[in-house]
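K.L.:
There are 2 protein chains.
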Amino acid sequence: MSYYIGIDLGGTNVKALAIDQNGSILAERHIKTEAEFGSEHVISRMASLIIDMKKKLAADVTAVGVTVPGVLGSEYSVVELMPNFPDQWKGIPLKRKMEELLNTPVYLMNDARAATYGEKKFGAAKNFKDFIYIVIGTGVGGGIMQNGKLLLGSRGVAGEIGHQVIEPKGVLCGCGNHGCLETVASGSAISSAALRFIRQGMPTIMRDYVNNDLNKITPELVTKAAYAGDKPAIEIMEGTAAHLTTTIRNLMALLNPEAIVFGGGVSKSEVLFDLISKKLHEEEILFPSSLGSVQLIRSEFDHFAGAIGIAAWAMDQHNDKNRSE
Amino acid sequence: MSYYIGIDLGGTNVKALAIDQNGSILAERHIKTEAEFGSEHVISRMASLIIDMKKKLAADVTAVGVTVPGVLGSEYSVVELMPNFPDQWKGIPLKRKMEELLNTPVYLMNDARAATYGEKKFGAAKNFKDFIYIVIGTGVGGGIMQNGKLLLGSRGVAGEIGHQVIEPKGVLCGCGNHGCLETVASGSAISSAALRFIRQGMPTIMRDYVNNDLNKITPELVTKAAYAGDKPAIEIMEGTAAHLTTTIRNLMALLNPEAIVFGGGVSKSEVLFDLISKKLHEEEILFPSSLGSVQLIRSEFDHFAGAIGIAAWAMDQHNDKNRSE
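Listed below in structure tokens is the structure:
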């Protein structure tokens with residue numbers, strides 16, 4: 263039996279999936295990242311997790327993929343930047359280290375790009391050659407599939423949809439720019455907007471939902487309030503949808519996709535999805551209509567998109583390499 | 263001798279170039295388009311121009327390329343939309359018509375995409391695999407080269423940089439959106455801004471340049487005034503540069519190019535080029551710095567970029583087709 267393991271390395275959790283060549287899931291696991299104990303600790307935890315899965319599956323894994331929430335250098339083998347991890351990760355030859363521990367080929371890719379690849383290979387975008395994946399969670403990420411190929415750019419960091427400047431005079435983003443999409447249309451932005459309304463004393467059902475404990479405000483809760491007809495919540499979701507629609511229009515003019523695939527927790531909101539769909543299709547815009555209609559669809563994989571995507575990436579990279587040798 | 267003719271079909275002029283396989287120019291011509299006499303008239307003018315060039319070169323042309331300032335359908339053979347031409351162009355099977363008149367293979371491509379291709383094949387971007395071409399003339403257009411391939415999108419209309427919304431509450435664009443880059447950073451936008459300043463009675467050297475004849479205001483003149491230290495002109499160029507810089511930052515985050523290639527009359531302005539370069543490199547932005555520096559370069563072909571680009575496109579399309587047959 264040939265199988266492939268995909269590891270999705272996140273700041274809080276490490277998720278792992280084993281899949282066969284058809285994308286069927288053979289095993290899944292998740293553990294805490296324990297990033298605070300440093301890179302060597304996390305790397306050895308990932309290796310142990312894979313060894314455990316191999317034992318359980320009683321067969322040797324053909325190739326392993328690991329997502330990196332950041333930028334990779336040296337042909338996708340060395341960590342160059344992992345903004346939400348300690349600095350000591352910079353320069354870590356993660357591919358070589360994992361290969362030494364596992365004695366198995368390891369392939370790395372940025373997490374959002376891996377998820378995009380997975381949607382094409384086994385997921386919601388199987389039938390599209392040109393699509394854009396937008397993941398709206400705590401932040402906003404994405405990936406671009408162009409003519410059936412993952413668009414990587416000169417250094418593998420193409421697809422940073424969250425860092426499209428949408429309000430040039432807007433608030434400072436973590437990246438150093440002002441008014442990035444992530445500052446106005448992410449899970450964090452939705453929660454912050456709700457907190458602002460509540461602190462201003464605006465009457466809203468959201469305050470009752472959390473019993474005045476403002477730490478409990480989440481994007482899901484804002485969505486729920488909007489669905490129930492709460493005006494401030496509706497205003498927040500309308501604003502979020504407007505920013506996302508502007509960005510999608512820009513992406514349509516720039517990349518001419520057949521479909522937009524939405525992933526991430528926030529995008530599961532029916533309210534948000536319906537608002538974007540309505541804004542995109544109802545407003546009479548000459549240009550995009552000449553580009554043909556764009557389908558809006560949802561990710562098939564939910565929070566396992568990164569793990570299944572990187573497993574698929576490792577599978578195809580490995581097979582391509584073996585074919586060319 | 264093998265040679266290729268590229269025809270750049272514009273609203274006012276038709277430009278033609280004959281090149282050999284190394285991109286050396288063997289002949290060049292230009293004639294008025296006479297678009298007001300309809301599509302059949304223009305098509306027969308283009309065919310006559312090519313027949314003339316063939317006679318002069320005393321050899322048969324291997325393939326012909328024609329740019330289309332709009333959208334093509336049916337695998338780049340039929341005109342779908344040509345916004346600045348009469349409606350009757352819609353649906354014209356331009357490839358078949360030209361092939362019948364010339365008895366030579368004809369290849370069509372959008373004008374800005376063809377120019378992008380030419381910069382890669384024979385021009386300023388020969389050494390780059392990932393770059394973005396931005397042409398700033400009366401309007402703003404562009405093209406994207408990704409991993410050495412022209413990025414076309416699902417229907418060949420990718421690269422519409424001029425229709426990136428940069429001011430969501432901005433003025434109405436011809437495309438139906440509000441605040442597209444073209445509305446704030448094109449030759450037309452620069453001239454309009456100058457006229458507004460003059461009409462408001464702002465003291466400016468620009469009024470003297472045109473002897474109070476406001477029809478004579480051009481982007482070149484605004485540039486000249488900015489260079490001479492005229493405050494309103496400097497303010498206009500600063501604003502134009504700021505909008506272009508925001509767009510370039512977005513393109514960097516989205517597509518991770520090695521270089522930006524500037525073409526078109528307005529981009530020849532030293533003032534504008536220097537302002538963009540300064541803004542991009544001086545402001546401390548965490549994100550783009552992690553992406554590596556982007557080189558800003560100028561088009562090599564000036565107003566012949568479309569003609570040489572479409573000749574190169576026809577050459578490569580023709581050779582690819584013959585190889586695969």
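One line per chain: the protein sequences are E and V, in this order.
Each residue of the first sequence is one higher than the one before, starting from 263 at the first, in our numbering.
Each residue of the second sequence is one higher than the one before, starting from 263 at the first, in our numbering.
Glycine included, C-beta positions come from ideal geometry on N, C-alpha and C.
Counting only beta-carbon separations shorter than 9 Å, does valine 419 of chain V have a partner in chain E?
P.N.:
yes
K.L.:
What residue from E/Gly424, E/Asp392, E/Ile281, E/Asn389 has the CA that sits closest to alanine 515 of chain V's CA?
P.N.:
E/Gly424
K.L.:
Output yes or no for whether 9 Å exceeds the beta carbon distance between serine 380 of chain V and alanine 573 of chain V.
P.N.:
Reading the sequence as shown, one finds glycine at residue 380 of chain V and not serine. Contact check for glycine 380 of chain V against alanine 573 of chain V passes: the beta carbons are separated by less than 9 Å.
K.L.:
Between leucine 413 of chain E and chain V, is the shortest Cβ-Cβ distance under 9 Å, so that the two count as touching?
P.N.:
yes
K.L.:
What residue range is occupied by the uninterrupted beta strand (DSSP E) comprising histidine 425 of chain V?
P.N.:
Run containing histidine 425 of chain V: none; DSSP gives neither H nor E here.
K.L.:
Here's a check: name, in chain order, each residue in its chain whose Cβ is nearer than 7 Å to the Cβ of threonine 507 of chain V, leaving out the five neighbours to either side.
P.N.:
Ile538, Lys541, Leu542
K.L.:
In chain order, what residues of the same chain have a beta carbon less than 7 Å from the beta carbon of lysine 478 of chain E, not counting five sequence neighbours either side?
P.N.:
Val472
K.L.:
What residues from chain E crowd round glutamate 302 of chain V, counting only those whose CB sits closer than 8 Å?
P.N.:
Going along chain E, no residue has its Cβ under 8 Å from glutamate 302 of chain V, so there is no contact; the nearest lies around 24 Å.
K.L.:
Counting only beta-carbon atoms, is aspartate 392 of chain E nearer than 9 Å to chain V?
P.N.:
yes
K.L.:
Between which residues of its own chain and aspartate 536 of chain E is the CB-CB distance below 6 Å, once the five residues before and five after are set aside?
P.N.:
none
K.L.:
Would alanine 278 of chain V and glutamate 290 of chain V qualify as a contact pair, given that the criterion is a beta-carbon distance under 9 Å?
P.N.:
yes
K.L.:
Quick check: is the beta carbon of proline 519 of chain E nearer than 9 Å to any beta carbon in chain V?
P.N.:
yes
K.L.:
Who are the near neighbours of glycine 449 of chain V in its chain, counting only those whose CB is closer than 6 Å to its CB and skipping five residues on each side?
P.N.:
Gly399, Thr400, Pro481, Val528
K.L.:
Report all residues from its chain with a CB closer than 6 Å to the CB of alanine 487 of chain V; omit the five preceding and five following residues, and keep chain order.
P.N.:
The answer, listed in chain order, is Ile467, Met468, Ala495.
K.L.:
Does any CB atom of chain E fall closer than 9 Å to the CB of isoleucine 406 of chain V?
P.N.:
yes
K.L.:
Starting from glutamine 579 of chain E, trace the beta strand (DSSP E) in both directions and tell me its first and last residue.
P.N.:
Unbroken run through glutamine 579 of chain E is the alpha helix (DSSP H), 567 to 586; no beta strand (DSSP E).
K.L.:
Output the distance between the C-alpha atoms of leucine 558 of chain V and phenylalanine 524 of chain V, rounded to the nearest integer angstrom.
P.N.:
If I take the Cα positions, the gap works out to 8 Å.
K.L.:
How about the segment 405 to 420 of chain V and the segment 496 to 505 of chain E: do they share at least three Cβ pairs that are nearer than 8 Å?
P.N.:
no
K.L.:
Tell me the rounded alpha-carbon separation between arginine 375 of chain E and glycine 418 of chain E.
P.N.:
9 Å
K.L.:
Looking at chain V, which residues of the segment 496 to 524 of chain E have a Cβ within less than 7 Å of any of its Cβ atoms?
P.N.:
Identification of residues in the segment 496 to 524 of chain E having a C-beta nearer than 7 Å to some C-beta of chain V yields Thr508, Arg511, Asn512, Ala515, Leu516, Leu517, Asn518, Pro519, Glu520, given in sequence order.
K.L.:
Could you check whether the Cβ of glutamine 426 of chain V sits closer than 9 Å to any Cβ belonging to chain E?
P.N.:
Yes, because at least one Cβ of chain E sits closer than 9 Å to the Cβ of glutamine 426 of chain V.
K.L.:
Can you say whether histidine 505 of chain E is buried or exposed, counting buried as having 16 or more other CB atoms within 10 angstroms of its CB?
P.N.:
Histidine 505 of chain E should be labelled buried.
K.L.:
Please list, in chain order, the residues of the segment 425 to 458 of chain V that have any C-beta partner in chain E closer than 7 Å.
P.N.:
Cβ contacts with chain E: His425, Gln426, Val427, Pro430, Cys437, Gly438, Asn439.
K.L.:
What first and last residue would you give for the beta strand (DSSP E) that runs through aspartate 270 of chain V?
P.N.:
266 to 271
K.L.:
Listing by chain order, which chain V residues have their CB less than 9 Å from the CB of isoleucine 423 of chain E?
P.N.:
Contact note: isoleucine 423 of chain E reaches chain V through Ala515, Leu516, using a C-beta cutoff of 9 Å and chain order.
K.L.:
Check whether chain E comes within 9 Å of asparagine 409 of chain V, counting only Cβ atoms and requiring the distance to be less than that.
P.N.:
Closer than 9 Å: yes.
K.L.:
Chain E beta carbons: is any one of them nearer than 9 Å to that of serine 416 of chain V?
P.N.:
yes
K.L.:
Does DSSP classify arginine 417 of chain V as helix, strand or coil?
P.N.:
When secondary structure is reduced to three states using DSSP, arginine 417 of chain V falls in the coil class, being assigned neither helix nor strand.
K.L.:
Evaluate the contact criterion for the segment 434 to 450 of chain V versus the segment 458 to 466 of chain V: three or more CB pairs, one atom per stretch, below 8 Å.
P.N.:
no
K.L.:
Compute the Euclidean distance between the alpha carbons of alanine 320 of chain V and isoleucine 313 of chain V, then round it to the nearest angstrom.
P.N.:
10 Å
K.L.:
What does the Cβ neighbour count give for aspartate 322 of chain V, buried or exposed, with the cut at 16 atoms within 10 Å?
P.N.:
exposed
K.L.:
Taking all protein chains shown into account, decide if phenylalanine 566 of chain E is buried (16 or more other Cβ within 10 angstroms of its Cβ) or exposed.
P.N.:
Here phenylalanine 566 of chain E is buried: its Cβ has 16 or more other Cβ atoms, across all protein chains shown, within 10 Å.
K.L.:
For the beta strand (DSSP E) containing phenylalanine 393 of chain V, list its first residue and its last residue.
P.N.:
Phenylalanine 393 of chain V -> beta strand (DSSP E) spans 393 to 398.
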